[in-house]
Amino acid sequence: MSNNRENWGSKLGLILAMAGNAIGLGNFWRYPYLAASNGGGAFMIPYIAAIIILGIPILMVEWNLGRYGGKYGHATIGPMIYLQAREVIKPKYAIIIGSICGMFAFMVTILINSYYNHIIGWTLGYSYLSVTGKYMNKAVSTGKVFTDYIQSPGLEITFWIIALALLGLAVTRGIQQGIETWSKIMMPVLYIFGIILAIRSLTVGSPVRPDWSAIKGLNYLWNPDWSKLSWQTALKAAGQVFYTLSLGMGIIENYASYLKADDDIVLSGITTASLNEFAEVILGGTIVIPIAYAFLGPEGLGAGVGLSFISLPNIFRNMGGGQFFGTLWFLLLFFAGFTSAIAMYNYLTALLEEDLGVKRKVAAFVVFMLYVISGLPVGLEPILTKTTNLAYLTELDNWVGSYLILIFGLLEVIVGAWLFGKYWLDETNRGAYWKVKPWFFNIFVKVVSPLMLLILIVFSTRDYIKQGYFKWIPGFLEKTPQLVSWVQSARIVIILVGIIGFIESYLSIKKKYGKEITSGE
Ligand code: PHE
Ligand code: NA
Numbered sequence: 001m002s003n004n005r006e007n008w009g010s011k012l013g014l015i016l017a018m019a020g021n022a023i024g025l026g027n028f029w030r031y032p033y034l035a036a037s038n039g040g041g042a043f044m045i046p047y048i049a050a051i052i053i054l055g056i057p058i059l060m061v062e063w064n065l066g067r068y069g070g071k072y073g074h075a076t077i078g079p080m081i082y083l084q085a086r087e088v089i090k091p092k093y094a095i096i097i098g099s100i101c102g103m104f105a106f107m108v109t110i111l112i113n114s115y116y117n118h119i120i121g122w123t124l125g126y127s128y129l130s131v132t133g134k135y136m137n138k139a140v141s142t143g144k145v146f147t148d149y150i151q152s153p154g155l156e157i158t159f160w161i162i163a164l165a166l167l168g169l170a171v172t173r174g175i176q177q178g179i180e181t182w183s184k185i186m187m188p189v190l191y192i193f194g195i196i197l198a199i200r201s202l203t204v205g206s207p208v209r210p211d212w213s214a215i216k217g218l219n220y221l222w223n224p225d226w227s228k229l230s231w232q233t234a235l236k237a238a239g240q241v242f243y244t245l246s247l248g249m250g251i252i253e254n255y256a257s258y259l260k261a262d263d264d265i266v267l268s269g270i271t272t273a274s275l276n277e278f279a280e281v282i283l284g285g286t287i288v289i290p291i292a293y294a295f296l297g298p299e300g301l302g303a304g305v306g307l308s309f310i311s312l313p314n315i316f317r318n319m320g321g322g323q324f325f326g327t328l329w330f331l332l333l334f335f336a337g338f339t340s341a342i343a344m345y346n347y348l349t350a351l352l353e354e355d356l357g358v359k360r361k362v363a364a365f366v367v368f369m370l371y372v373i374s375g376l377p378v379g380l381e382p383i384l385t386k387t388t389n390l391a392y393l394t395e396l397d398n399w400v401g402s403y404l405i406l407i408f409g410l411l412e413v414i415v416g417a418w419l420f421g422k423y424w425l426d427e428t429n430r431g432a433y434w435k436v437k438p439w440f441f442n443i444f445v446k447v448v449s450p451l452m453l454l455i456l457i458v459f460s461t462r463d464y465i466k467q468g469y470f471k472w473i474p475g476f477l478e479k480t481p482q483l484v485s486w487v488q489s490a491r492i493v494i495i496l497v498g499i500i501g502f503i504e505s506y507l508s509i510k511k512k513y514g515k516e517i518t519s520g521e
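Listed below in structure tokens is the structure:
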């Protein structure tokens, strides 16, 4: 048990860093659009249920995995899973499941961030466009402003690289000096901006139709229309809970590994989740939905990516103080995205430190280069094709950001709650102010949450098959060859990164635990 690892400097720092990890573009961009386009209030019912029966249990499993792994000097998933799995199954099998989970975390942290970093770049670029009033000119549609933005190397690539460099800088300085310090500044500012924007949003009147008031928009979110409640809606809500709490990604475990062995994980975990939900439901919901409802009416709410980058700028330029509020909005998005991306960046940096024994500075630089290379296709697609399809980005998001995280989540629950099961409660409750009760563990952690994940996976698989995701490309090559080649490249990249991730995790576990694995017991 090596222990000259870094730890969190303070409780507040840990909570803000974990909240920064969870609070991301998922809260302010993904959630409002999902809730709005899935019936508003009808979405909220399964959403809240999923937080309790899926989100909290898996969150506990992840904090536990992370703190336990940290005790043995690990910050990465492969060895963490191995350590808990070997309690029951033979080391030679434990290394296999460890490598599979390590592979998923590796894929998630490289591939999600390869496009997420670009979106963070957009938010930074749009903060600049807001300050300089570049989208305020009503002669050019905000759709065109966005298209020009992502198709111009000048803006897109520049702000992407700036965002990456800032991330690298933060991570280079380590846990306390880097991640904790940045979170302590960015998170409070994010909340202040969020509250100002929410108040402004509620007081906006509709210039279009008097009956489209902001308050109507709020009602839409909080009045459940039971007839709109469907399986599809419930699945999307559960998927969002997973995404927004950063579950199935490996990054909660990574941050939890910097805890001390008896730091409270139950209360800290619940606090983090509450901060995330406040930012999502109260702030995200109150900023975007009322304002969009007032200006666009019920139809305009389902605009997807366009909601943040096209519809909202269009609203800002038509409302009093729009330039100021636009600036706040894009800076808020930037802070949210940045503090989440740090977590993925740190995961890979820790992996290189741990497995190659290189210095943090060197590791952080290598990760910078990795993100430049893996992010290049995302940035180049709109520039080269002069389209706004973002087919490469979408393909990565559909596979890695929505599907793999569920499978990874299921595997970790199996390892944490079943294989490590008899130690789980004691281990989790060590140092806890509120203890997890045995019935909660036996019902929700062991049975309900994996079952729900299984259902989610089965239904998503069915949907993906229907939509042709499992079909290899030639089948639809004739239709849109250009689009397809970006999709195909994305799939090849996903597979390659997966293979590298598996081998890396395998070697990493083998290096440290090789003896017990070959000796059989
Ligand atoms: N929980 C994050 C969010 O809501 C998910 C995420 C974390 C995505 C890190 C990318 C990088 O946005
Ligand atoms: Na979130």
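Everything in the sequence shown is counted per my numbering, starting at 1 for the first residue and increasing by one. Note that CB positions come from ideal geometry on N, CA and C, so glycine has one too.
Residue i, buried or exposed, once every other Cβ within 10 Å from all chains shown has been counted against 16
| i | result |
| --- | --- |
| threonine 132 | exposed |
| leucine 169 | exposed |
| serine 519 | exposed |
| alanine 17 | buried |
| lysine 236 | buried |
| leucine 352 | buried |
| glycine 321 | exposed |
| methionine 369 | exposed |
| arginine 360 | buried |
| alanine 261 | exposed |
Separation of residue j from residue i, as counted between CA atoms
| i | j | result |
| --- | --- | --- |
| phenylalanine 476 | tryptophan 63 | Confidence at phenylalanine 476 is low in this model, with a pLDDT of 45, below 50, so the placement of that residue should be treated as unreliable; the coordinate-derived value is given next. Straight-line Cα distance between these residues: approximately 43 Å. |
| tryptophan 29 | lysine 515 | 48 Å |
| valine 81 | glutamate 412 | First, the amino acid is wrong: residue 81 is isoleucine here, not valine. Isoleucine 81 and glutamate 412: Cα-Cα distance of roughly 7 Å. |
| phenylalanine 334 | isoleucine 120 | 6 Å |
| asparagine 113 | alanine 341 | 7 Å |
| proline 269 | leucine 245 | The sequence shown places glycine at residue 269, rather than the proline named in the question. Each residue's Cα considered, the two are about 10 Å apart. |
| leucine 129 | arginine 67 | 42 Å |
| leucine 354 | aspartate 264 | According to the sequence shown, residue 354 is glutamate rather than leucine. Answer to the nearest angstrom: the Cα atoms are 25 Å apart. |
| threonine 123 | arginine 86 | 44 Å |
| tyrosine 513 | glycine 78 | 12 Å |
| alanine 36 | methionine 44 | 10 Å |
| leucine 259 | lysine 184 | 17 Å |
| serine 227 | alanine 234 | 13 Å |
| arginine 586 | alanine 214 | The chain is shown from 1 up to 521; residue 586 falls before or after that span and cannot be answered. |
| glycine 70 | lysine 144 | 49 Å |
| glycine 9 | valine 189 | 20 Å |
| phenylalanine 444 | glycine 300 | 38 Å |
| phenylalanine 441 | glycine 20 | 27 Å |
| serine 141 | serine 460 | 36 Å |
| leucine 376 | phenylalanine 365 | 17 Å |
| glycine 24 | alanine 139 | 33 Å |
| glutamine 84 | tyrosine 423 | 9 Å |
Boundaries of the alpha helix (DSSP H) in which residue i is found, first to last residue
| i | result |
| --- | --- |
| aspartate 148 | 142-151 |
| methionine 452 | 449-466 |
| threonine 271 | 266-277 |
| methionine 107 | 91-131 |
| leucine 59 | 56-71 |
| threonine 181 | 181-202 |
| tyrosine 469 | Segment: none, tyrosine 469 is in no alpha helix (DSSP H) and carries neither H nor E. |
| phenylalanine 316 | 312-316 |
| phenylalanine 295 | 285-296 |
| tryptophan 231 | 231-244 |
How about the stretch 28-42 and the stretch 216-229: do they share at least three Cβ pairs that are nearer than 8 Å?
-> yes
Can you check the stretch 355-423 for any alpha helix (DSSP H) of at least 4 residues that lies completely inside it and give the ranges in chain order?
-> 360-385, 391-396, 405-413
Per the contact definition of three or more C-beta pairs closer than 8 Å, is the stretch 490-502 in contact with the stretch 95-115?
-> yes
Does the count of Cβ pairs from the stretch 57-71 and the stretch 310-318 closer than 8 Å reach three?
-> no
Three or more C-beta pairs closer than 8 Å, one from the stretch 192-205 and one from the stretch 281-290: is that the case here?
-> yes
Any chance the stretch 403-420 sits against the stretch 450-466, with 3 or more Cβ pairs inside 8 Å?
-> yes
Three-pair Cβ contact test at 8 Å for the stretch 152-159 versus the stretch 379-389 = yes
Could you tell me whether the stretch 320-334 touches the stretch 144-155, using the rule of 3 or more Cβ pairs below 8 Å?
-> no
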